Amino acid sequence: MWRSSRDIQDNWDDIMFNLDTLAGRSYQATPGAWNDPDFLEVGNSGITVVESQSQFALWAITSSPLIAGNDLRNMSKEILDILTNKEVIEVNQLCYQKNPFSGCAGDRIYSKDNLEVWGKLLSVDGRYAAVLFNRGTTKQTISVTWEELGLQGGAHKVRDIIAHKDL
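According to my numbering, the residues represented by the sequence shown are 16 to 182, in order.
Dropping the structure here:
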């Protein structure tokens with residue numbers, strides 16, 4: 016494990032700066048070798064609950080270490096639920112490499128204006144995780160095609176692992 020960025024601070028701009036250092040570096044993350052954008056700020060006072068959910072999902076899809084940087088003795092149930100979301104943790108822990116020269120972390124596959132898509136192949140049978148991410152402060156619609164994710168068209172099961180429900 017090596018640091019991929021500067022020390023993180025308890026604010027959204029720092030989280031985004033450290034996330035950006037991971038873009039294009041998924042090939043470096045292999046079993047025993049992980050990009051580390053620093054601690055999670057989930058549950059700290061400088062970010063909102065939605066920002067906490069976003070950071071956790073983005074650190075998970077990039078296979079970054081999920082090291083809590085908050086006071087575990089004093090956190091709300093909402094923050095505990097984010098940090099113990101088994102489905103998101105599973106995305107973080109799964110490592111599928113197409114070949115010995117590919118990494119097993121997810122990567123940013125689309126970015127335009129404030130909208131981004133991060134994706135990660137999870138298994139040989141084609142299981143895939145994606146984070147559709149709005150960096151902006153206003154509500155926006157974001158979509159992605161199977162082809163943009165590198166998947167074949169047709170029917171696919173889609174699940175919101177934050178809300179724990181099939182779509």
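Each residue gets a CB set at the ideal place from its N, CA and C atoms; glycine is no exception.
The structure displayed is predicted, hence computed values, not measured ones.
Only counting the same chain, and skipping five residues up and downstream in sequence, which positions put a Cβ closer than 6 Å to that of residue i?
{"i": "D35", "result": "none"}
{"i": "F148", "result": "E131"}
{"i": "G151", "result": "N129"}
Do you know how far the Cα of residue j is from the Cα of residue i?
{"i": "V106", "j": "G168", "result": "22 Å"}
{"i": "L55", "j": "K172", "result": "29 Å"}
{"i": "G165", "j": "F32", "result": "26 Å"}
{"i": "A44", "j": "D96", "result": "27 Å"}
{"i": "T192", "j": "M90", "result": "Because the chain here runs from 16 to 182, residue 192 falls outside it and cannot be looked at."}
{"i": "I176", "j": "S67", "result": "15 Å"}
{"i": "W161", "j": "V146", "result": "13 Å"}
{"i": "L81", "j": "I94", "result": "14 Å"}
{"i": "G58", "j": "R18", "result": "22 Å"}
Excluding the 5 residues flanking residue i on each side, which residues of the same chain have their C-beta closer than 8 Å to its C-beta?
{"i": "Y125", "result": "E131, V132, V159 and E163"}
Whose CA, out of the options, lies closest to the CA of residue i?
{"i": "V103", "options": "Q155, D53, T156 and L137", "result": "L137"}
{"i": "S117", "options": "S41, W17 and R18", "result": "S41"}
{"i": "D140", "options": "L147, C110, T153 and A48", "result": "C110"}
{"i": "R142", "options": "A170, T153 and G39", "result": "A170"}
{"i": "K135", "options": "S79, A83 and V65", "result": "S79"}
{"i": "Q108", "options": "H179, D28 and A144", "result": "A144"}
{"i": "A178", "options": "N85, R88, A72 and K127", "result": "A72"}
Thinking residue i and residue j are a contact (beta carbons under 8 Å), I'd like their distance in whole angstroms, please.
{"i": "T77", "j": "G121", "result": "5 Å"}
{"i": "S60", "j": "D25", "result": "7 Å"}
Quick check on residue i: buried or exposed, where buried means 16 or more other Cβ atoms within 10 Å of its Cβ?
{"i": "Q70", "result": "buried"}
{"i": "V65", "result": "exposed"}
For residue i, I'd like the list of residues in its chain whose CB is within less than 7 Å of its CB, leaving aside the five on either flank, ordered along the chain.
{"i": "R13", "result": "Outside the modelled stretch of the chain, which goes from 16 to 182, sits residue 13, for which no answer is possible."}
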